[in-house]
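Here's the structure we're looking at; comments come further down.
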Amino acid sequence: MQFHVSRRLMASAAVFVLAAAAAPAFAQDVASQSEDTAQVEDIIVTAQKRSQRLQDVPLAVTALSAETLDNSQITGTSGLANLVPSLTYTQSTSDLNNNVRIRGVGTALFNTGLESAVSFVVDGVVLSRQGQGFQELIDIERVEVLRGPQGTLFGKNATAGVVNVVTQRPTDYLSGAAEITAAEHGEYRFKGTIAGPLTDTLGGRLTGFYTDDEGYVQDTGTGQTVYGSEVFGLRGKLEWQPSEDLNLLVSADYRESDSTCCQLVPYLTTNTVLAGIRAPIVASPTNRSVETDGTTFADTKSSGVSLEANLSLGDYTLTSVTGYRTWTLENNVEVDGFQSATPLYVPFGNGYFSINGGGLDIGQFTQELRLTSPSNQPVQYTVGVFYFNLDLDRDFRRRVGGCVTNPVAFGQPCPTFFFSSAAHTANTKTENVAAFGQAEWHLTDQLSALFGARLQRETVSYEGLRLATPPFAGDRLLFGASSGRGEVADTDLSGKLGLQYQFSAQAQTYLTWSRGYKGRGYDFELTANFATQVAVLPETVEAWELGYKAQGLDGRLSVNTALFYADYQNLQVQSTVAPNVSIPTNAGSSVSKGAEVEFQFALTDRISLSGGVTYADATFDATGLSCPLTAQAAAVTLAAGQAQPVNTCFRIGNGTAQNVVDGRLPNAPKWRGNLSIRYDDTIPGTDLNGFIQLAATRQSEVTFSLEQDPGLVQDGYGLVNLTVGASTADDRYTLSLFVRNLFDQDFVNGMQRESIVTNAANPGNIAYFPAKDAERYVGVSLRANF
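And the structure:
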């Protein structure tokens, strides 16, 4: 059985919800006929760097409470896509290369030299690289997903949006919680929190967690189960209130993860030699087997400390957020997928490719100082200054091999063989200084003008060295020596203008224009030309958003809608120029346009519904992109002076290229929606409360290739998750049973052409990254509160 929701049905549902919100008289009539007191909970957010009701904020925000995350078994930031239709998640070889997109726009780069278009912020501290944001959601107060450019207040790289994570603060009473979860495929999760007062003016909070996940992919080479991890971490907070006017919050955290993720899994193999070498593994969309020497891993360590100080100056608040964070990564990916310590004889390419990885070391310091005026004044504003300093070190090694003399048959070990290797070290530094402000001027009781600006100066430098000798004694040199350094600086003015009209306390509309900026960066990886490279140009965006937010049915229903249009220039993307060689570049222009609807509906005291639909048409134009392997053999040869075609592969020099017009951005579905229904009631004959929740998501097809490779397409699919459980009347204990992917629907989180035995003449080898919930699995969770 599969879950199907047509585009027409999604659109009809959206129209229905909008119609309901637009009929206040009808809403009041319906509400008066019911004695239920159910209401949608008001959520307070800080999406504009001040506390506001979600329904009053003039921008598109999804706010997810801790209860919502727990009810949906969302354990990490990568799972947020299940609850936010405009957000998608793409899996890759490690957290460093994983990425999220908002409204179809993100940054998918195998390159540490550039930032992502979606910014992660944790407790007011911006994270320098998106990989730092892929973490467990432990002891969370809420998660806010801000859509569209957020450069005015959040700055830096927020050209597509922000994922703002807010964790719980200490409490003024003793409280705590503990939870244990067990699921199929050897998954065990433990987390616990204790909080309370230490003195009359000092409170504390301590949270710890441990996860042991065996994995769900079998490695026939080592006999182990992979795609798993072991993770533990701690977070501590001290909150001091020395006076009525001053509040100080110190936070510190540490996280360590050892992972066996992520080896590419054979999805399609048309080359008989490659299929024979990997036997008995059979490539298919349901294959969950790889073969390695056990050298694929991704281990990370993260730590940080921050100080948030809030000083009341009469009705004004002066806030300082100081943060220092570190993040290290060590990883390797065995590219060949062979269980052989020496090269095998293959028709072309590398018969050995088992070493491909290295280290990353990030140290960053941030300081923000801002002044917030009182609310409900004729003019209310937030102004501030921001400083950011990043120091990032990168090293990488690659080793490949082949035959000197060939055996009789393909796929056999080389009688004599060679290895080629290369290594590099590099460093990049970023310094950003900015002044920002945003104001709201109440022109009348109902009409307000919005305006803001951010002036920033950013300097990016690099130095890199690719060694002149192989890192392994006796090897050939894989890439020639290269060294160099460079620096570039930019000054940019971003901003926001808009109007907001408040129909009533329950309904408002807004129209905004905003400009965002993402700074320059350098190619920072092993294959970079360190001597003569030029920095990638800044990515900029101008965006329009028309929104409407309303509550009806005496607070039972809330509806948030938005129409959006964002025009990106010099979109920063990755282009594959040769097998295992990719470079960051600018993709010309890109447009993301569409519509969103999100709603919450407290149908009765016992039944609640929530969901949303996003239509996002995210396209781009770019010249000089690489051609898909499947198109290179048929590339058009141009006559002298002949104009270059569009969306067609053509020969240029000794290679091929294409000019893409209206290409689809990777992992950017046109349609995506979710719907959740929950029923809570007492269990007859007991003192227990029971609940059942059914949650469904559906999306249209996507491509995972910027080059528009027709073989790297995921068809549209839908998922259904089920949760049932019971809790004591005082909510002290809760037991939940959950089923992920109830109807066992296959899908992929990312895919690409293999580099082994794959070229323009033999392009039909594809590998992918399977998700754990791409097949049905069951788990149970027990939670205790005190």
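Heads up, the sequence shown is in the numbering used here, so the first residue is 109 and it goes up one at a time. Using N, Cα and C, we set each Cβ at its ideal position, and we do this for glycine too. These numbers come from a predicted model, not from an experiment.
Three-state secondary structure assigned by DSSP to residue i
i      : result
Asp501 : strand
Arg147 : A quick correction: the sequence has Gln, not Arg, at residue 147. In the structure shown, Gln147 sits in coil (DSSP, three-state: anything other than H, G, I, E or B).
Lys626 : strand
Gln680 : strand
Ser590 : strand
Gln822 : strand
Ala133 : For Ala133, the predicted structure reports a pLDDT of 35, less than 50, and the residue's modelled location is therefore unreliable. The matter cannot be settled from this model.
Asp469 : strand
Ser718 : strand
Thr215 : coil
Asp583 : coil
Leu382 : helix
Ala739 : helix
Asp881 : helix
Gly510 : strand
Gln860 : strand
Gly259 : coil
Gly221 : coil
Gln546 : strand
Gly241 : helix
Ala896 : Limits of the chain in this structure are 109 at one end and 894 at the other, which puts residue 896 out of reach.
Lys264 : coil
Arg638 : Looking at the sequence shown, residue 638 is not Arg but Phe. Note: Phe638 maps to coil in three-state DSSP.
Asp817 : coil
Gln614 : coil
Ser140 : Summary for Ser140: the model assigns pLDDT 41, below 50, so the residue's position carries little reliability, and this model does not support an answer.
Ile463 : strand
Ala122 : Summary for Ala122: the model assigns pLDDT 38, below 50, so the residue's position carries little reliability; its value from the coordinates is reported in the next sentence. Looking at Ala122 - three-state DSSP - the assignment turns out to be helix.
Pro692 : strand
For residue j and residue i, believed in contact at Cβ under 8 Å, the rounded distance
i      : j      : result
Cys511 : Phe525 : 6 Å
Leu890 : Leu843 : 5 Å
Leu827 : Ala804 : 7 Å
Ala71  : Phe587 : This structure cannot settle anything about residue 71, because the visible part of the chain is limited to 109 through 894.
Tyr723 : Lys778 : 6 Å
Thr831 : Gln181 : 7 Å
Gln199 : Gly858 : 5 Å
Nearest to residue i (by Cα), restricted to the options the options
i      : options                           : result
Gly624 : Asn484, Ala597 and Gly560         : Gly560
Ala747 : Ala557, Ile760 and Pro736         : Ile760
Tyr296 : Ala875, Val339 and Val273         : Val339
Thr378 : Glu244, Ala869 and Leu717         : Ala869
Gln853 : Asn873, Arg884 and Val832         : Arg884
Thr328 : Glu149, Gln447 and Ala589         : Gln447
Asp361 : Ile691, Thr434 and Gly798         : Thr434
Ser238 : Val208, Cys369 and Gly232         : This sequence places Gln at residue 238; Ser is not what is there. It is Val208.
Asp499 : Asn782, Thr836, Thr220 and Thr275 : Thr220
Asp203 : Val699, Thr436, Ile691 and Thr490 : Thr436
Gln680 : Asn797, Val596 and Val644         : Val644
Asn464 : Leu605, Val443 and Thr836         : Val443
Ser528 : Gly545, Gly509, Thr536 and Val516 : Gly509
Asp817 : Glu862, Ile691 and Asp280         : Glu862
Arg664 : Gln708, Gly629 and Trp621         : Gln708
Glu292 : Leu845, Phe894, Phe855 and Asn873 : Leu845
Ser483 : Tyr335, Arg161, Tyr787 and Asp881 : Arg161
Arg478 : Phe544, Asn440, Val744 and His532 : Phe544
Gly582 : Gly519, Arg507, Leu254 and Asp631 : Arg507
Ile174 : Pro166, Leu167, Val165 and Thr185 : A quick correction: the sequence has Ala, not Ile, at residue 174. The residue with the shortest Cα to Cα distance from Ala174 is Thr185.
Phe518 : Ala576, Leu468, Gly457 and Ala557 : Gly457
CB contact below 8 Å: residue i versus chain E
i      : result
Val381 : The displayed structure is made up of one protein chain only, and chain E is not part of it.
Near the ligand NAP: residue i beta-carbon under 7 Å from a heavy atom
i      : result
Thr712 : Here there are no bound small molecules, and the ligand NAP is not part of this structure.
Check: Do three or more CB pairs link the region 560–580 to the region 636–651 at distances below 8 Å?
Finding: yes
Next item on the list: Could you tell me whether the region 211–231 touches the region 260–268, where touching means 3 or more Cβ pairs closer than 8 Å?
Entry: With a cut-off of 8 Å, the region 260–268 and the region 211–231 count as touching, because enough Cβ pairs lie within range.
Checklist line | the region 645–654 contacting the region 256–263, beta-carbon criterion three pairs below 8 Å | finding: yes
Next item on the list: Would you mind listing the alpha helix (DSSP H) stretches within the region 142–197 that are 4+ residues and don't spill past its ends, in chain order?
Entry: 174–179
Note to self: Would you call the region 734–753 in contact with the region 698–705, where contact means no fewer than 3 C-beta pairs closer than 8 Å?
What the structure shows: no
Item checked: Minimum length 3: unbroken beta strand (DSSP E) runs contained in the region 325–394 -> 325–327, 332–334, 337–351, 354–367 and 373–377
Next item on the list: Take every Cβ of the region 761–768, pair it with every Cβ of the region 724–737, and state whether three or more of those distances are shorter than 8 Å.
Entry: yes
Margin query: Across the region 333–347 and the region 306–322, are there enough close Cβ pairs to call them in contact, namely three or more that are closer than 8 Å?
Written below: yes
Notebook entry, point to check: Below 8 Å, can you find three or more Cβ-Cβ pairs linking the region 604–614 to the region 234–250?
Noted result: no
Checklist line | Length at least 3, wholly inside the region 414–441: the beta strand (DSSP E) runs in chain order | finding: 424–440
Item checked: Cβ pair count under 8 Å reaching 3, the region 414–425 against the region 171–190 -> no
Check: Going along the chain, which unbroken runs of the alpha helix (DSSP H) with 4 or more residues stay wholly within the region 731–792?
Finding: 737–740
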